[in-house]
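Since the structure comes first, as structure tokens, the remarks are kept for the end.
Chains as they are written, first to last, in the numbering used here: chain E, 21 to 247; chain V, 1224 to 1360.
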């Protein structure tokens, strides 16, 4: 796979944007700023997905991450707001020694990962010596799609093929994923519920409820309402 | 430069032994980003995420860093999927399908994790991870 022309230009723009936004996510003092920088990093990575020919994944990334997960994050930041004055005073990083140790670890990891990519990619090039192929066209797919003069724009049936193989080869994991999401919904509702909400839904063990009423008389009112 | 390459093999990635003008070669490599460039971007995003998890005190920012890590893995999956498509592999789309599942698991993880954060904040009144030390002896 080799990008060229404007694709290469946009690749570098979005790659730099993704990395800078990720750095700012980690370094921003305010959690809301972190969330907004993370959104821009995710959108840049979605653009890289488009450049790699995965339009469907890019759409899913924007819909699920930016539209769903990040909104959830912003809601939780709003709910556990620690207050602006405390955010200004508290240190945002761990103690000096911990930060130093983890940064050393991270630099070692950078070296190791880059080394692995370097040697592994050379091995891969030996395994599949590639001529300069036209961008994004597999041999069996080329006949139906007219290449433009620059060779960069094209029509794909990529989404159709992803959907087809998702149901053909991964239908069992697909069903398991839906069960996983159901468990996650129920679990997060259970986790975030207060004792008051549990009492008004008549969902507490009676003995436990008696103990809690002894500690907090307001619960008794809620229980009588529900009955 | 050769000596440097022998000591730090990771740097050889930037200064590969090439015939001809090195500057022109590097410009050609930059103008034609291939699989390895995607992998390097993914690795850098991964490292930034790891650094965030290890150094930050705010538990919500730690969760965001975990999302960064998963996203870097997704980038690698998609890049390899594209690479395999051009080698004509039959399993070329497996990377994209796996990415969908990673996104599903990330969404579930975020929902559960943020539920835990809310429950924790209700009981301990803090979001700083070094103050949540109930299990520490």
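Even for Gly, the Cβ is constructed at its ideal location relative to N, Cα and C.
With respect to the alpha helix (DSSP H) encompassing residue i, which residues constitute its N-terminal and C-terminal limits?
i	result
residue 148 of chain E	Looking at the DSSP string, residue 148 of chain E is not in any alpha helix (DSSP H), and its letter there is neither H nor E.
residue 1297 of chain V	1282-1310
residue 25 of chain E	No alpha helix (DSSP H) holds residue 25 of chain E; DSSP gives it neither H nor E.
residue 1244 of chain V	Note, residue 1244 of chain V: premise wrong, no alpha helix (DSSP H); not H, not E.
residue 1349 of chain V	Premise fails: residue 1349 of chain V is in no alpha helix (DSSP H) and is neither H nor E.
residue 1357 of chain V	No alpha helix (DSSP H) contains residue 1357 of chain V, which DSSP labels as neither H nor E.
residue 89 of chain E	Here residue 89 of chain E belongs to no alpha helix (DSSP H), and DSSP marks it neither H nor E.
residue 1257 of chain V	That residue, residue 1257 of chain V, is in no alpha helix (DSSP H); it is neither H nor E in DSSP.
residue 52 of chain E	51-71
residue 75 of chain E	75-80
residue 180 of chain E	178-189
Would you tell me roughly how many angstroms separate the C-alpha atoms of residue i and residue j, rounded to the nearest one?
i	j	result
residue 164 of chain E	residue 177 of chain E	Note that residue 164 of chain E scores a pLDDT of 43, beneath 50, so its modelled location is shaky; the value from the coordinates is reported in the next line. Each residue's Cα considered, the two are about 10 angstroms apart.
residue 156 of chain E	residue 1309 of chain V	Below a pLDDT of 50, predicted positions are generally treated as unreliable, and residue 156 of chain E, at 47, falls in that range; no measurement from the model is reported.
residue 29 of chain E	residue 54 of chain E	27 angstroms
residue 80 of chain E	residue 1296 of chain V	15 angstroms
residue 93 of chain E	residue 205 of chain E	15 angstroms
residue 1317 of chain V	residue 82 of chain E	20 angstroms
residue 158 of chain E	residue 136 of chain E	Since pLDDT at residue 158 of chain E reaches only 45, below the 50 mark, its modelled position is unreliable, and the value read off the structure follows with that caveat. Distance between the alpha carbons of residue 158 of chain E and residue 136 of chain E: 28 angstroms.
residue 112 of chain E	residue 1282 of chain V	11 angstroms
residue 166 of chain E	residue 26 of chain E	With a pLDDT of 49 at residue 166 of chain E, under the threshold of 50, the modelled position of this residue cannot be trusted; read the value that follows with caution. Looking at the two C-alpha atoms, the distance is approximately 19 angstroms.
residue 231 of chain E	residue 237 of chain E	10 angstroms
residue 67 of chain E	residue 1263 of chain V	16 angstroms
residue 1314 of chain V	residue 1300 of chain V	12 angstroms
residue 1287 of chain V	residue 60 of chain E	13 angstroms
residue 1322 of chain V	residue 37 of chain E	21 angstroms
residue 162 of chain E	residue 1246 of chain V	Note that residue 162 of chain E scores 43 on pLDDT, short of 50, meaning its location in the model is unreliable and no value can be drawn from it.
residue 105 of chain E	residue 142 of chain E	With a pLDDT of 48 at residue 105 of chain E, under the threshold of 50, the predicted position of this residue should be treated as unreliable, though the coordinate-derived value follows. Looking at the two C-alpha atoms, the distance is approximately 53 angstroms.
residue 229 of chain E	residue 1347 of chain V	22 angstroms
residue 1351 of chain V	residue 186 of chain E	41 angstroms
residue 1256 of chain V	residue 211 of chain E	46 angstroms
residue 123 of chain E	residue 41 of chain E	19 angstroms
residue 154 of chain E	residue 22 of chain E	Since pLDDT at residue 154 of chain E reaches only 48, below the 50 mark, its modelled position is unreliable, and the value read off the structure follows with that caveat. Residue 154 of chain E and residue 22 of chain E: Cα-Cα distance of roughly 9 angstroms.
residue 100 of chain E	residue 51 of chain E	11 angstroms
residue 198 of chain E	residue 1293 of chain V	19 angstroms
residue 207 of chain E	residue 218 of chain E	14 angstroms
residue 1343 of chain V	residue 146 of chain E	52 angstroms
residue 160 of chain E	residue 194 of chain E	Here residue 160 of chain E scores only 42 on pLDDT, less than 50, and its place in the model is too uncertain to base an answer on.
residue 1330 of chain V	residue 201 of chain E	8 angstroms
residue 1356 of chain V	residue 118 of chain E	16 angstroms
residue 35 of chain E	residue 58 of chain E	14 angstroms
residue 31 of chain E	residue 1336 of chain V	33 angstroms
Closest to residue i by CA distance: which of the options is it?
i	options	result
residue 1327 of chain V	E:219, E:88 and E:111	E:88
residue 114 of chain E	V:1252, V:1271, V:1354 and V:1346	V:1354
residue 69 of chain E	V:1313, V:1248, V:1265 and V:1343	V:1265
residue 75 of chain E	E:180, E:198, E:209 and E:185	E:180
residue 192 of chain E	V:1247, V:1334 and V:1324	V:1324
residue 1260 of chain V	E:84, E:78, E:24 and E:56	E:24
residue 1289 of chain V	V:1340, V:1271 and V:1298	V:1271
residue 1341 of chain V	E:96, E:228, E:63 and E:33	E:96
residue 213 of chain E	V:1250, V:1251 and V:1338	V:1338
residue 1258 of chain V	V:1293, V:1304, V:1332 and V:1331	V:1304
residue 85 of chain E	V:1360, V:1334 and V:1349	V:1334
residue 78 of chain E	V:1349, V:1250 and V:1320	V:1320
residue 129 of chain E	V:1244, V:1268 and V:1358	V:1268
residue 1291 of chain V	E:65, E:220 and E:148	E:65
residue 1253 of chain V	E:33, E:189, E:90 and E:190	E:33
residue 1280 of chain V	E:98, E:72 and E:116	E:116
residue 1405 of chain V	E:63, E:184 and E:215	For chain V, the structure presents residues 1224 to 1360; residue 1405 of chain V sits outside this window and is missing.
residue 72 of chain E	V:1277, V:1307, V:1251 and V:1278	V:1307
residue 1284 of chain V	E:47, E:209 and E:35	E:47
residue 1311 of chain V	E:223, E:49, E:240 and E:148	E:148
residue 43 of chain E	V:1278, V:1248 and V:1250	V:1278
Should residue i be listed as close to the ligand ZN, given that the test is whether its C-beta is under 7 angstroms from any heavy atom?
i	result
residue 235 of chain E	No copy of the ligand ZN appears in this structure; indeed no ligand is present at all.
Just by C-beta distance, which residues in the stretch 28-41 of chain E are closer than 8 angstroms to chain V?
28, 31, 32, 35, 38 and 39
Just by C-beta distance, which residues in the stretch 1253-1265 of chain V are closer than 8 angstroms to chain E? 1253, 1254, 1255, 1256, 1257, 1258, 1259, 1260, 1261, 1262, 1263 and 1264
- Under 8 angstroms (Cβ pairs) to chain E, residues found in the stretch 1274-1290 of chain V: 1274, 1275, 1277, 1278, 1279, 1280, 1281, 1283, 1284, 1286, 1287, 1288 and 1290
Alpha helix (DSSP H) runs wholly inside the stretch 199-243 of chain E, at least 4 long, in chain order:
215-220 and 226-235
Residues of the stretch 1291-1316 of chain V in Cβ contact with chain E at a cutoff of 7 angstroms, in chain order, please. 1291, 1294, 1298, 1301, 1302, 1304, 1305, 1306, 1308, 1309, 1310, 1311 and 1316
Chain V contacts from the stretch 196-207 of chain E (Cβ-Cβ distance under 8 angstroms):
197, 200, 201, 203, 204, 205 and 207
Where the stretch 1322-1335 of chain V meets chain E: residues whose CB sits under 9 angstroms from a CB there = 1322, 1323, 1324, 1326, 1327, 1328, 1329, 1330, 1331, 1332, 1333, 1334 and 1335
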